[in-house]
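Chains as they are written, first to last, in the working numbering: chain A, 2 to 269; chain B, 967 to 1281.
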């Protein structure tokens, strides 16, 4: 163990929505500085709740952490509000991207920089950096964010977070609704930011295959509990993870499954 | 047939110099409504709440100002004190009512503003009194010939309306620039788009709301002053606000320039209706409902108003 505290340490937290629904019942995880950690789980397992507990955005959905502690760089955050978390250098990229749809791309990015009282020149440098990471956004500068494609919106969301000069990014399901090539691109950026700038990541994903390829450590969460922890290599080799998330498990055959619902095609 | 004849006659009459005079006069008086509408739009834009207490805030501000000047306080000192009072009031409303209710149903927030409305009404009466007060801003109310400035335009316009128009126009321009080109303005637009996302990037929601409520308080005061000069300060002043409703329906609930345009349209249509179509629609006094009819027709054609934000949806 090193003596410097980890970027993020979650110690056995419980979270409740609206005073009634227990969403997390014992989640512990650690993100060391400079690490990419993945959080795997199905819909409703508690991935988003875990991330929102760390960014203190749970309150905005009438949820709260009722037990356990969360520490950022060794500091307890239970008294912090969302604004102070971002000030600490921890930014969440929300699931479903949450672009400001009426603001143009550049304004969307700029909103991310307000937390740091940076000079115009520094702001501009930052902006150029984001455009350099996502060249595709350059030509969209003046377009309303809401009219950009899903992939572009994910780029805006990540770029907007980067404008705050974060040291830890909480990335919630970046692959959601994206074409494989975009998913790969987003994760390449994650890798690059991690290697070149030392930004730590906690990435929640359903797409375990991609997430484990880029992360060094993975946690599997189920029904609000961490059920497995291991290096990505271990998780990729473990049979139950393979069965649950990667497909190709030995005994899964849909002929034997009675109620297998095929997703109906949607026309939207 | 007779109705048709009188309609045609009315239309014919509308396109004369007299018609133009009514039109311009109407537009200018409509700007008084714009002043009220701006307050609504600010709060709605930033928090999605329709502020029911707007009218009472307006009354409270005017009453505070009048009570001060009646106690021989200098005009500008009273003006400054009232501004400070309204800023503090805005911040208190945000702190004690809006903030604890943040993230609740919008309807709960709306009901809270109804509560604020009656509380302020009582407070205004308790602190000051319920008598009718006169306000004299010292702006001349006599009409002036436009032809003195533009030779070929031989119509009469009220100086006071011109003054109100100038105030409203500078407010709209000022707010527009603020929204478009300042950091706080951009944060405000972000908040109006997505509360969750703005919190996630570290925009302090509560600070933005406090600013909005404080600015709204001051705008209520300015609108209150101008309305008070025309109507005098009494509880009927709270009803002035009702005329702001058709204005925001036409201009769009989320657009500050929309307030101006909506006000012009409502004012003009109201006066034209009253002067030229009153006989067709059964006598004088139609201007009280004419504005709402105009608004109704408008929202049938454009549900979000002229400048209102339409939801952006990709297909």
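Ideal Cβ placement from N, Cα and C applies to all residues, glycine included.
Keep in mind the model is a prediction, meaning the values are calculated, not measured.
Query: DSSP bridge partner residues for residue 16(A) (one or two, in chain order); Result: 25(A), 66(A)
Query: Beta-carbon spacing of residue 36(A), residue 27(A) below 9 angstroms; Result: no
Query: Positions along the region 1061-1072 of chain B whose CB lies within less than 9 angstroms of some CB in chain A; Result: 1068, 1069, 1070
Query: Distance, residue 214(A) Cα to residue 7(A) Cα; Result: 22 angstroms
Query: contact_flag[the region 111-120 of chain A, the region 1155-1171 of chain B] where n(CB pairs < 8 angstroms) is 3 or more; Result: yes
Query: Element boundaries [beta strand (DSSP E), containing residue 93(A)]; Result: 91-94
Query: Buried/exposed call for residue 100(A), threshold 16 Cβ in 10 Å; Result: buried
Query: Nearest residue (CA-CA) to residue 1221(B), options 991(B), 1009(B), 996(B); Result: 1009(B)
Query: Reduced DSSP secondary structure (H/G/I, E/B, other) of residue 223(A); Result: strand
Query: Spatial distance of residue 1023(B) from residue 68(A) (CA atoms); Result: 43 angstroms
Query: Beta-carbon proximity of residue 13(A) to residue 29(A), cut-off 9 angstroms; Result: yes
Query: Cβ of residue 974(B) within 9 angstroms of any chain A Cβ; Result: no
Query: Residue 267(A) at chain B interface by Cβ criterion, 9 angstroms; Result: Reliability fails at residue 267(A), whose pLDDT of 45 lies under 50, so the model's placement of it is uncertain and the value that follows must be treated cautiously. By this cut-off, residue 267(A) is not an interface position.
Query: Chain-ordered chain A contacts of residue 1077(B) [CB-CB under 7 angstroms]; Result: Within chain A, no residue comes near residue 1077(B); the closest Cβ sits about 18 angstroms away, beyond 7 angstroms.
Query: Bounding residues of the beta strand (DSSP E) (the contiguous stretch that carries residue 173(A)); Result: 169-173
Query: Within-9 angstroms CB hit, residue 1272(B) to chain A; Result: no
Query: CB contact below 9 angstroms: residue 241(A) versus chain B; Result: no
Query: Span of the beta strand (DSSP E), counted from its first residue to its last, around residue 79(A); Result: Where residue 79(A) is concerned, there is no enclosing beta strand (DSSP E), given that its DSSP letter is neither H nor E.
Query: Residue span of the alpha helix (DSSP H) that contains residue 181(A), given as start and end; Result: 181-198
Query: Collapsed DSSP secondary structure at residue 236(A) in the structure displayed; Result: helix
Query: Runs of beta strand (DSSP E) wholly within the region 1215-1255 of chain B (minimum 3 residues, chain order); Result: none
Query: Rounded straight-line distance, which links the Cα of residue 1063(B) to that of residue 19(A); Result: 20 angstroms
Query: Residue from 43(A), 139(A), 142(A), 233(A) whose Cα sits closest to the Cα of residue 225(A); Result: 43(A)
Query: Where the alpha helix (DSSP H) through residue 937(B) begins and ends; Result: A question about residue 937(B) goes unanswered here, because the residues of chain B that appear run from 967 up to 1281.
Query: is_contact[residue 103(A), chain B] using C-beta, thresh 9 angstroms; Result: yes
Query: Whole-angstrom distance between residue 1142(B) and residue 124(A), CA atom to CA atom; Result: 23 angstroms
Query: Contact with chain A by residue 1268(B), beta-carbon distance below 9 angstroms; Result: no
Query: Of the residues 165(A), 160(A), 31(A), the one placed nearest residue 86(A), counting alpha carbons only; Result: 165(A)
Query: Where residue 10(A) sits in the DSSP three-state scheme; Result: strand
Query: Residues near residue 1133(B) by beta carbon distance below 8 angstroms, same chain, minus five either side; Result: 1001, 1188, 1192
Query: Spatially closest choice to residue 1066(B) from 1114(B), 1016(B), 1176(B), by CA coordinates; Result: 1176(B)
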